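> So for the sequence shown, my numbering puts the first residue at 51; every next one is plus one. Quick reminder that beta carbons are idealized off the backbone N, C-alpha and C, glycines included. Only a predicted model underlies this, so the values are computations on that prediction, with no experimental measurement involved.
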Amino acid sequence: MLGKMIGGFAGAYGTVLWLEDTEALDGLAAKNPLFGSLVPQWGDHSSGMHQFLAWTALELEGLGCNLQHFNFMDEFETAVKKEWDLPDTWRLKSQLVFGAPVDGKLVRRKERTYAPLEERVKVFGA
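(1) Taking Arg141 as part of the alpha helix (DSSP H), name the residues at either end of that continuous run.
(2) Let's see if you can read the secondary structure: which residues bound the alpha helix (DSSP H) around Leu75?
(3) Label Trp134 either buried or exposed according to how many other C-beta atoms from any shown protein chain fall within 10 Å of its C-beta, with 16 as the threshold for buried.
(4) Around the Cβ of Leu69, are there at least 16 other Cβ atoms within 10 angstroms (buried) or fewer (exposed)?
(5) In whole angstroms, give me the CA-to-CA distance for Thr65 and Trp105.
(6) Tell me whether the beta-carbon of Leu146 lies closer than 8 Å to the beta-carbon of Gln91.
(7) Considering only residues of the same chain and omitting the five flanking positions on each side of Lys143, which have a CB-CB separation below 7 Å?
(8) Rounded to whole angstroms, what's the CA-CA distance from Arg159 to Ala60? Just pull it up for me.
(9) Flag this pair as yes or no: are the beta carbons of Cys115 and Phe85 separated by less than 8 Å?
(10) Leaving out five residues before and five after Glu109 in sequence, what residues of the same chain have Cβ atoms less than 7 Å from its Cβ?
(11) Buried or exposed for Gly243, please, with buried defined as at least 16 other CB atoms from any protein chain shown within 10 angstroms of its CB.
Next up, the structure:
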């Protein structure tokens, strides 16, 4: 199943890989014990903001994007590190695949459903 899915991205224009250097983050945490335990969370925040920005920029150029997380498979991360000769201390966070939208529009493999916005977003003091 996953092999077919990953192979389906071969027609994309490219893929942006998001990685983090655990050695650098561990060093930052060690130098700053007051907030060191928060460094992994801040790394996730930073990565997410960069992913959102890159996705938005690519979409503004008329490209379609999808964010993947195949890094849960050790063999996938190992293959990525080997292909690009990346240090072992780097951890793969996500993969942003981009290319021309099929027939000029976004095509989903399955329809998504969401809970009502009022149940997911709360605004206080406005």
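According to the data block:
(1) As a position in the sequence shown, residue 141 is number 91, starting the count at 1. It is not in any alpha helix (DSSP H) - Arg141 instead sits in the beta strand (DSSP E) that spans 140 to 149.
(2) Here residue 75 corresponds to residue number 25 of the sequence shown, with the count starting at 1. That run of the alpha helix (DSSP H) goes 72 to 81.
(3) Translated into the one-based positions of the sequence shown, residue 134 becomes position 84. Result: exposed.
(4) Position 19 of the sequence shown, counted from the first residue, corresponds to residue 69. Counting Cβ neighbours within 10 Å, Leu69 comes out buried, since at least 16 surround it.
(5) The residue given as residue 65 occupies position 15 in the sequence shown. The residue given as residue 105 occupies position 55 in the sequence shown. The alpha-carbon atoms of Thr65 and Trp105 are separated by roughly 11 Å.
(6) Walking along the sequence shown from the start, residue 146 turns up at place 96. Walking along the sequence shown from the start, residue 91 turns up at place 41. Cβ distance not < 8 Å, so Leu146 and Gln91 don't count as in contact.
(7) In the sequence shown, the residue the question calls residue 143 occupies position 93. Closer than 7 Å at the Cβ level, and outside the excluded window around Lys143, lie Trp68, Leu69, Glu70, Ser97, Asn121.
(8) Taking the first residue of the sequence shown as position 1, residue 159 is located at position 109. Taking the first residue of the sequence shown as position 1, residue 60 is located at position 10. Approximately 16 Å, taken between the alpha carbons.
(9) The count along the sequence shown starts at 1 and reaches residue 115 at position 65. The count along the sequence shown starts at 1 and reaches residue 85 at position 35. Going by C-beta atoms, Cys115 is not nearer than 8 Å to Phe85.
(10) Sequence index remark: in the sequence shown, residue 109 carries index 59 (1-based). Around Glu109: Cys115.
(11) Nothing about residue 243 can be read from this structure; the chain reaches only from 51 to 176.
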